[in-house]
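Chemist:
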Amino acid sequence: MIKAILIFNNHGKPRLSKFYEHYNEDTEQQIIRETFHLVSKRDENVCNFLEGGMLIGGSDYKLIYRHYATLYFVFCVDSSESELGILDLIQVFVETLDKCFENVCELDLIFHVDKVHNILAEMVMGGMVLETNMNEIITQVDAQNKMEKSEFFPFFSFSLSLYRRLSFSLPGRTGRHRPVLQERPLVPYQL
Amino acid sequence: MPAPIRLRELIRTIRTARTQAEEREMIQKECAAIRSSFREEDNTYRCRNVAKLLYMHMLGYPAHFGQLECLKLIASQKFTDKRIGYLGAMLLLDERQDVHLLMTNCIKNDLNHSTQYVQGLALCTLGCMGSSEMCRDLAGEVEKLLKTSNSYLRKKAALCAVHVIRKVPELMEMFLPATKNLLSEKNHGVLHTSVVLLTEMCERSPDMLAHFRKLVPQLVRILKNLIMSGYSPEHDVSGISDPFLQVRILRLLRILGKGDDDSSEAMNDILAQVATNTETSKNVGNAILYETVLTIMDIKSESGLRVLAINILGRFLLNNDKNIRYVALTSLLKTVQTDHNAVQRHRSTIVDCLKDLDVSIKRRAMELSFALVNGNNIRGMMKELLYFLDSCDPEFKADCASGVFLAAEKYAPSKRWHIDTIMRVLTTAGSYVRDDSVPNLIQLITNSVEMHAYTVQRLYKALLDDISQQPLVQVASWCIGEYGDLLVSGQCEEEEPIQVTEDEVLDVLEGLLVSNLSTPVTRGYALTAIMKLSTRFTSVNRIKKVVSIYGSSIDVELQQRAVEYNALFKKYDHMRPALLERMPIMEKTASNGPTEIVQTNGEAEPSVVEAKHPPPVTQPTNQANDLLDLLGGNDVVPVIQTTVPTKPASAGGELLDLLGDLSLSGIPPMTAYNKNGLKIDFTFERANPNPNIAVITIHASNSTEADMTDFVFQAAVPKTFQLQLLSPSSNVVPTLNQGTVTQVIRVLNPQKQQLRMRIKLTYTHKGSAVQDLAEVNNFPPQSWQ
Chain Y
2 MIKAILIFNN HGKPRLSKFY EHYNEDTEQQ IIRETFHLVS KRDENVCNFL
52 EGGMLIGGSD YKLIYRHYAT LYFVFCVDSS ESELGILDLI QVFVETLDKC
102 FENVCELDLI FHVDKVHNIL AEMVMGGMVL ETNMNEIITQ VDAQNKMEKS
152 EFFPFFSFSL SLYRRLSFSL PGRTGRHRPV LQERPLVPYQ L
Chain C
4 MPAPIRLREL IRTIRTARTQ AEEREMIQKE CAAIRSSFRE EDNTYRCRNV
54 AKLLYMHMLG YPAHFGQLEC LKLIASQKFT DKRIGYLGAM LLLDERQDVH
104 LLMTNCIKND LNHSTQYVQG LALCTLGCMG SSEMCRDLAG EVEKLLKTSN
154 SYLRKKAALC AVHVIRKVPE LMEMFLPATK NLLSEKNHGV LHTSVVLLTE
204 MCERSPDMLA HFRKLVPQLV RILKNLIMSG YSPEHDVSGI SDPFLQVRIL
254 RLLRILGKGD DDSSEAMNDI LAQVATNTET SKNVGNAILY ETVLTIMDIK
304 SESGLRVLAI NILGRFLLNN DKNIRYVALT SLLKTVQTDH NAVQRHRSTI
354 VDCLKDLDVS IKRRAMELSF ALVNGNNIRG MMKELLYFLD SCDPEFKADC
404 ASGVFLAAEK YAPSKRWHID TIMRVLTTAG SYVRDDSVPN LIQLITNSVE
454 MHAYTVQRLY KALLDDISQQ PLVQVASWCI GEYGDLLVSG QCEEEEPIQV
504 TEDEVLDVLE GLLVSNLSTP VTRGYALTAI MKLSTRFTSV NRIKKVVSIY
554 GSSIDVELQQ RAVEYNALFK KYDHMRPALL ERMPIMEKTA SNGPTEIVQT
604 NGEAEPSVVE AKHPPPVTQP TNQANDLLDL LGGNDVVPVI QTTVPTKPAS
654 AGGELLDLLG DLSLSGIPPM TAYNKNGLKI DFTFERANPN PNIAVITIHA
704 SNSTEADMTD FVFQAAVPKT FQLQLLSPSS NVVPTLNQGT VTQVIRVLNP
754 QKQQLRMRIK LTYTHKGSAV QDLAEVNNFP PQSWQ
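Going down the list, the protein sequences come from chains Y and C. Residue numbers for the first sequence, in our numbering: 2 to 192. Residue numbers for the second sequence, in our numbering: 4 to 788.
Now the structure itself:
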């Protein structure tokens with residue numbers, strides 16, 4: 002069972018946090034900080050598995066993480082999940098995001114947190130893996146988005162696409178503009 | 004009121020904040036705006052506000068006031084509202100809030116909605132955070148959806164069912180009929196979640212497990228299709244068809260095949276096929292292989308298959324990818340108990356992993372190496388492990404050190420090797436050694452009699468180099484105290500003997516006492532060692548001087564010891580050689596360390612010592628000192644330890660043994676004192692092992708209306724007797740005979756003279772201190788004959 006899915010950047014700012022077990026708000030923030038602390042200390046060429054920190058349950062739980070560009074994707078799982086399988090799952094998740102957002106970068110995750118949640122909800126439900134087929138997930142998400150858009154005023158969807166173009170022309174391309182997947186990870190990782 | 008700002012406006016604004024305080028201010032302003040908007044019951048913008056609230060919640064700010072709003076959104080008809088509402092419910096609500104129960108009706112309606120996406124949302128929310136009450140109410144709906152033909156809903160319903168079963172295990176039977184056709188689905192998503200559901204049911208109930216065993220052939224067939232089928236673009240991940248499903252099925256097969264011969268046999272072929280055909284160049288292939296290996300090890304597979312599995316793991320160990328090596332080490336650790344020999348073949352690779360840079364891999368390799376140590380490879384392995392101990396991170400050193408000690412104890416080829424290994428560990432990782440290993444080591448050294456001289460010489464040399472590692476220093480000072488005479492006499496066969504004078508030894512020990520690096524415990528060891536040397540060395544004056552200096556030390560423990568040792572020099576010099584004699588060989592008790600001194604309050608019992616060592620006492624001087632201390636202040640002739648019982652007793656039972664069989668030997672009790680409302684009775688027992696000891700229990704009772712507090716009972720006997728006073732049960736004698744204070748006195752009467760006793764009582768009664776002396780002469784004859 003997956004206990005939590007966390008995405009945070011190189012400075013520890015949370016970009017997505019989904020817990021499949023309940024903690025109160027303070028504990029959640031502490032867990033995010035503790036996980037960031039553990040994961041950021043890791044070298045680039047070590048394995049992607051870590052024992053969980055104290056708050057998340059100690060050594061019964063593992064943190065499986067992948068570092069893409071400016072973001073860490075961390076899945077906290079218990080012993081019933083296959084570690085290598087979760088690594089693949091993270092890759093599928095990121096590729097799905099890439100397809101949905103067109104060269105996804107950190108800014109996309111920042112401004113469209115709710116959409117990322119929706120995509121994640123199609124993949125993992127209640128801490129268990131629901132669907133791993135990328136196309137299937139994208140089809141479902143697109144259909145639901147269409148439903149949403151049809152309920153809104155038509156010009157809203159226009160302003161959405163306008164905004165997307167605007168966001169890319171913001172001055173000063175900071176690190177967050179870097180597309181997540183195109184950045185070559187330092188260790189070539191083949192699925 | 005102007006329309007509330009959009010989510011992305013809010014995000015942009017927050018990102019412009021430069022400090023935490025600025026961010027907090029912005030968020031608080033926005034929260035206030037949202038709150039007033041909620042109060043106005045604004046339907047159009049509610050979803051926007053809740054979206055903003057969720058964002059702020061992610062950043063860590065309190066968002067509980069939005070919970071009810073989420074419910075209102077869920078109840079709305081618009082899909083957008085419902086989406087945000089359910090998301091908010093999943094993030095903000097949980098079963099601890101009562102509010103969540105209000106959702107139940109909404110979810111029920113949505114589960115029967117015409118749009119599949121709404122049904123999907125409802126299933127998702129129920130599956131994530133449904134409480135047991137909700138699950139009970141809605142299980143029927145979920146079960147209905149499990150049977151639907153819509154694959155999108157079916158897979159969600161399957162996972163929702165897993166959640167329901169986790170919350171309310173009794174409902175498992177309800178889902179049983181729906182599982183009949185689950186595996187005949189074509190859709191992989193449904194297959195995947197069905198396998199998860201079946202796995203959960205099998206793990207929870209052995210009956211279900213037996214029931215589902217008949218599905219093994221079907222599962223094998225599905226797996227076969229996956230492997231044999233050609234390229235299918237839908238489920239392909241790097242050339243392998245739906246690896247996630249393959250891994251899930253393998254896991255379920257593992258659970259079904261465990262302990263069952265028939266199922267295991269049915270699986271053998273397919274497992275061999277998967278193991279040989281899967282391509283291992285990518286991570287996906289390795290993931291499947293890993294799962295296959297785990298399955299093979301768990302079920303009752305034939306031995307050829309097991310060897311294949313271990314060889315696969317061995318190949319993993321040589322892989323460049325760290326992750327693969329990590330999982331290989333983890334699984335080898337699990338299998339080393341059962342297939343020890345097979346794993347031994349890979350020992351050299353495992354030992355190489357000790358030198359890896361990755362912390363997780365090093366830890367796994369260390370654990371596995373300890374598991375692989377046996378009598379044949381102990382020397383080689385120990386060399387590697389000691390090298391590892393030298394160079395590893397501090398977090399490993401404690402575990403590694405204890406592992407080395409355990410392994411050395413079990414498989415040491417010779418005593419000298421054992422002691423050398425211990426010395427090496429103490430000198431390299433001395434400060435990380437666990438506290439309980441010090442007494443174990445001491446016991447080990449004591450028992451290897453022929454190595455005493457060698458040991459003490461090596462320890463002395465180590466001490467000259469470095470006194471910062473406390474366990475090393477403690478063991479060394481203990482040994483020097485015991486075997487100092489061997490050290491000075493320079494008789495060592497194993498090694499070149501060194502020339503050491505008594506003064507040099509005393510210098511070293513005194514250095515320990517004054518050094519800042521020594522802990523109080525170490526100083527205690529050092530002082531005791533110096534004291535012991537007073538019987539082994541000739542330069543007693545120096546020792547006397549040292550001991551008397553510490554009589555006024557600030558450290559209470561040191562002061563106490565010094566004072567008692569001083570007393571040994573002055574008044575009880577005749578006892579000193581006997582007390583400080585060399586320790587005998589100790590029996591190792593299973594539960595605690597060798598010299599377990601059961602020191603209860605005021606009582607000191609001799610530890611487990613070989614029965615053939617009769618008096619005089621051979622325990623560490625601590626005990627005798629405590630006893631002297633106990634009686635200090637009374638004007639009583641103190642007593643040495645009574646003789647050791649003839650039968651060796653376990654640590655706990657010593658107390659009873661010393662007191663002997665507490666059979667009331669028929670000696671009548673007597674009243675020793677009765678004045679001013681205070682009555683003291685004596686009851687007698689005889690300690691059976693030694694008929695010269697009479698055990699008297701005093702019972703003090705108070706018949707006045709006020710308590711007697713600070714009650715102290717003291718006794719004195721003539722010089723031909725010896726008396727031991729144990730600690731009282733309390734020092735308050737309650738009023739009106741409501742309770743008694745008891746205290747045990749043991750009297751040694753070797754000459755069988757008539758027992759006489761003078762007692763002194765002090766207590767506080769009604770605010771004034773009372774003191775009284777009395778003589779007790781009316782002992783019954785049986786008590787001293």
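All residues carry an ideal CB built from backbone N, CA and C; glycine is no exception.
Can you grab the Cα-Cα spacing for the pair residue 578 (chain C) / residue 336 (chain C), in whole Å?
Modeler: Distance between the alpha carbons of residue 578 (chain C) and residue 336 (chain C) is about 56 Å.
Chemist: Counting only Cβ-Cβ distances shorter than 8 Å, please list the residues of the region 354-365 of chain C near chain Y, keeping chain order.
Modeler: Listed in sequence order: 360, 361, 362, 363, 364.
Chemist: Counting only runs that start and end within the region 46-70 of chain C, where is the alpha helix (DSSP H) found for 4 or more residues in a row?
Modeler: Fully enclosed alpha helix (DSSP H) runs of 4 or longer: 49-62.
Chemist: Please tell me whether residue 329 (chain C) and residue 48 (chain Y) are closer than 8 Å, where the distance is taken between their beta carbons.
Modeler: Going by C-beta atoms, residue 329 (chain C) is nearer than 8 Å to residue 48 (chain Y).
Chemist: Taking CB distances under 8 Å as the criterion, tell me whether residue 133 (chain Y) reaches chain C.
Modeler: Taking Cβ atoms only, chain C reaches closer than 8 Å to residue 133 (chain Y), which makes this a yes.
Chemist: Can you list the residues of chain Y that residue 191 (chain C) reaches, using a CB-CB cut of under 7 Å?
Modeler: In chain order: 134.
Chemist: Whose Cβ in chain C lies nearer than 8 Å to the Cβ of residue 11 (chain Y)?
Modeler: In chain order: nothing, as chain C lies at least about 16 Å away.
Chemist: Using a Cβ-based criterion (distance less than 7 Å to any ligand heavy atom), does residue 520 (chain C) qualify as near the ligand SAH?
Modeler: Here there are no bound small molecules, and the ligand SAH is not part of this structure.
Chemist: Count the CB pairs spanning the region 529-546 of chain C and the region 505-518 of chain C that are closer than 8 Å, and state whether there are at least three.
Modeler: Counting Cβ pairs under 8 Å, three or more are found: they touch.
Chemist: Taking 8 Å as the cut-off, decide whether the C-beta atoms of residue 289 (chain C) and residue 110 (chain Y) are in contact.
Modeler: The answer is no: Cβ separation not under 8 Å.
Chemist: So what does residue 760 (chain C) bridge to, in DSSP terms?
Modeler: BP columns for residue 760 (chain C) point to C:779.
Chemist: Can you tell me which of C:287, C:277, C:317 puts its alpha carbon nearest to the alpha carbon of residue 298 (chain C)?
Modeler: Looking at the Cα atoms, C:277 is the closest of the given residues.
Chemist: Cβ atoms of residue 113 (chain C) and residue 102 (chain C): under 8 Å apart, would you say?
Modeler: Contact: no.
Chemist: Out of C:65, C:109, C:99, C:62, state which residue places its alpha-carbon closest to the alpha-carbon of residue 76 (chain C).
Modeler: Nearest option by C-alpha distance: C:109.
Chemist: Whose CA, out of Y:67, Y:39, Y:68, lies closest to the CA of residue 57 (chain Y)?
Modeler: Comparing Cα-Cα distances from residue 57 (chain Y) to each of Y:67, Y:39, Y:68, the minimum goes to Y:39.
Chemist: Starting from residue 68 (chain Y), trace the alpha helix (DSSP H) both ways and give me its first and last residue.
Modeler: Careful: residue 68 (chain Y) lies outside any alpha helix (DSSP H), inside the beta strand (DSSP E) at 63-69.
Chemist: Skipping 5 residues on each side, what residues in its chain have a beta carbon closer than 7 Å to that of residue 370 (chain C)?
Modeler: Within the same chain, residue 370 (chain C) has close Cβ partners 336.
Chemist: Between residue 518 (chain C) and residue 422 (chain C), what straight-line distance do the alpha-carbon atoms span, to the nearest angstrom?
Modeler: Their backbone Cα atoms lie some 27 Å apart in a straight line.
Chemist: In its own chain, which residues sit with a C-beta less than 6 Å from the C-beta of residue 472 (chain C), not counting the 5 before and 5 after it?
Modeler: Once the five neighbours on either side are set aside, the close Cβ partners of residue 472 (chain C) are 433, 434.
Chemist: Judging by CA-CA distance, which residue of Y:74, Y:41, Y:78 is the nearest neighbour of residue 59 (chain Y)?
Modeler: The option with the nearest alpha carbon to residue 59 (chain Y) is Y:78.
Chemist: For residue 736 (chain C), which residues from the same chain have a beta carbon less than 6 Å from its beta carbon, with the 5 sequence-adjacent residues on both sides left out?
Modeler: Counting only Cβ-Cβ distances below 6 Å, and skipping sequence neighbours, we find 703, 705, 711, 714, 744.
Chemist: Do residue 159 (chain C) and residue 126 (chain C) have their C-beta atoms within less than 8 Å of each other?
Modeler: Going by C-beta atoms, residue 159 (chain C) is nearer than 8 Å to residue 126 (chain C).
Chemist: Within a Cβ cutoff of 6 Å, which residues of the same chain sit near residue 761 (chain C), ignoring the five residues on either side of it in sequence?
Modeler: Counting only Cβ-Cβ distances below 6 Å, and skipping sequence neighbours, we find 719, 778.
Chemist: Any residues in the region 283-315 of chain C with a beta carbon nearer than 7 Å to a beta carbon of chain Y? Which ones, in chain order?
Modeler: Listed by position, the residues of the region 283-315 of chain C near chain Y (Cβ gap below 7 Å) are 285, 286, 287, 289, 290, 293, 294.
Chemist: How do the region 125-134 of chain Y and the region 25-32 of chain Y stand: do at least 3 beta-carbon pairs fall below 8 Å, yes or no?
Modeler: No, the region 125-134 of chain Y is not in contact with the region 25-32 of chain Y.
Chemist: Give me the subset of the region 129-159 of chain C whose CB atoms are less than 9 Å from a CB atom of chain Y, sorted by chain position.
Modeler: The region 129-159 of chain C vs chain Y, Cβ under 9 Å: 129, 130, 131, 132, 133, 155, 158, 159.
Chemist: Would you mind reading off the limits of the alpha helix (DSSP H) that contains residue 9 (chain C)?
Modeler: It is not in any alpha helix (DSSP H) - residue 9 (chain C) carries neither H nor E in the DSSP assignment.
Chemist: Residues in the same chain with beta-carbon distance under 8 Å from residue 498 (chain C), minus the five sequence neighbours each way, listed in chain order, please.
Modeler: These residues qualify, in order along the chain: 457, 460, 461.
Chemist: Report the option in C:512, C:296, C:191 whose CA atom is closest to the CA atom of residue 245 (chain C).
Modeler: Checking every option, the nearest Cα to that of residue 245 (chain C) belongs to C:191.
Chemist: Mind listing which residues of the region 203-230 of chain C have their C-beta closer than 8 Å to chain Y's C-betas, in chain order?
Modeler: Here the close residues number zero.
Chemist: With which residues is residue 2 (chain C) paired in a DSSP beta bridge?
Modeler: Any answer about residue 2 (chain C) is impossible in this case: the structure gives chain C only from 4 up to 788.
Chemist: Less than 6 Å between C-beta atoms, sequence neighbours within five positions excluded: which residues of the same chain meet that for residue 141 (chain Y)?
Modeler: Contacts found: 123.
Chemist: Since residue 130 (chain Y) and residue 247 (chain C) are thought to touch, with beta carbons under 8 Å apart, how far apart are those beta carbons, to the nearest angstrom?
Modeler: Right, the Cβ-Cβ distance comes to about 7 Å (below 8 Å), so this counts as a contact.
Chemist: Under a three-way DSSP split, which group does residue 597 (chain C) fall into?
Modeler: Unreliable positioning characterises residue 597 (chain C) in this predicted model, as indicated by a pLDDT of 37, which lies under 50. A coordinate reading is not provided.
Chemist: Looking at the structure shown, is residue 82 (chain C) part of a helix, part of a strand, or coil, going by DSSP?
Modeler: Here residue 82 (chain C) sits in helix by DSSP.
Chemist: Which value, in whole angstroms, describes the spacing of the CA atoms of residue 407 (chain C) and residue 731 (chain C)?
Modeler: In a straight line, the C-alpha of residue 407 (chain C) is about 46 Å away from that of residue 731 (chain C).
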